[in-house]
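Read through the structure below, which is laid out as structure tokens, and then see the notes.
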Amino acid sequence: MSGIYKMSVDKSTNFVAGLTSFSNISGFITLPLTRDIDAADVFVVGVPYDLATTGRAGTRGGPMAIRQASGHIRWEEKRWPWDFSVFDELRVADYGDLDAPAGNHEAMLGEIQEQIGGLIAAGKTVLSFGGDHFITLPLLRAHAKHHGKMAMIHFDAHTDTYEEYESVYNHGCMFHHAPIEGLIDPDKTVQIGIRTEYTKEKHLFQVIDGAEANDLSADEIVKRVKAIVGDTPTYLTFDIDCLDPAYAPGTGTPVPGGLTSDKALKIIRGLAGINLVGMDVMEVSPPYDHSDITGLAGATLALEMLHVLAVKHKPNLGA
Ligand SMILES: [Mn+2]
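Numbering follows the numbering used here, with no gaps: position 79 of the sequence shown is 1133.
Structure, rendered in structure tokens:
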């Protein structure tokens, strides 16, 4: 898979990808689109679901927006400032998007369990693109089935720990359910960028709120996060609204006072060395985006996560 940035047609496979950021269609960052599970060890999977959105809908277009924006960053052989080419180290493919009949929550949950669960059971690592953040709950279920109770690093403006009794499908309640279901260890879970109301007295997780995250250095945040998750199998979930609306306007529930894309990228990069077992980028909503700003932030964060995964497999690699 090396040199994918250079080719437009791979003569051996007839795989066609855009040589430039404006030609052809392809998977994330020109990765092959395939459901051959032997083709890769890491799969990007889109989950175009936004039925659990409480505010502005539109994240069903998130996976395609991230793929499209990834065209802007596909040309680097070595993603700055890493000292290696990530696709020389990891075999990555794009699985495409999961499909479910419109309006059918249960069908989409079933698809996640069956298809993403199937990939994980086969020993693959999955990077999911939302969709609204609710789907992180079925994703955690699929991952915990294989990895057991996990640590979690959660970037978001919202804690998503609300007890929603009126509907189980709500993108603000996943992390109320996840510890009750035993999917994540609350003592090894940290939320970064929070800047909306939550009940502090009974909050189970450690929080580095938005104001703190903006005041602390990325190095200090990384130090704290690594101390919390240790070497426990860790799930990384990134709600794009963790970023300030200046850096991610295209999302359903934007909140001012968020992180810069630079800060978030530095933190992700600093996480190299953790035991990353699964990850996602959620809540990119192209109808509210401008000039691909949000899609590009999502694509760049996702690429950074793949580098962190590569370092897990080869600790001598670095930035
Ligand atoms: Mn959020």
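Beta carbons are placed, not taken as given, at the ideal position from N, Cα and C, and that holds for glycine.
In the DSSP assignment, S1315 falls within the unbroken alpha helix (DSSP H) covering 1315-1324.
With a cutoff of 7 angstroms on beta-carbon distance, V1096 and V1146 are scored as near each other.
By the Cβ rule, the stretch 1309-1329 does not count as touching the stretch 1184-1193, because fewer than three pairs are nearer than 8 angstroms. For F1097, there is no enclosing alpha helix (DSSP H); the enclosing beta strand (DSSP E) covers residues 1096-1101. A distance criterion of 6 angstroms places the beta-carbon of A1211 in contact range of ligand 1, judged by its closest non-hydrogen atom. Around the C-beta of S1271, fewer than 16 other C-beta atoms lie within 10 Å, and the residue is accordingly described as exposed. Under DSSP, F1292 forms a beta bridge with F1209, V1335.
A straight line joining the alpha-carbon of T1084 with that of R1128 spans about 7 angstroms. Our two residues, G1116 and F1076, have alpha carbons roughly 19 angstroms apart in a direct line. Taken from the Cβ of D1273, every heavy atom of ligand 1 lies 6 angstroms or farther away.
Residue pairing by DSSP leaves A1176 without any beta bridge partner.
At the C-beta level, H1208 and T1288 stay beyond 7 angstroms of one another.
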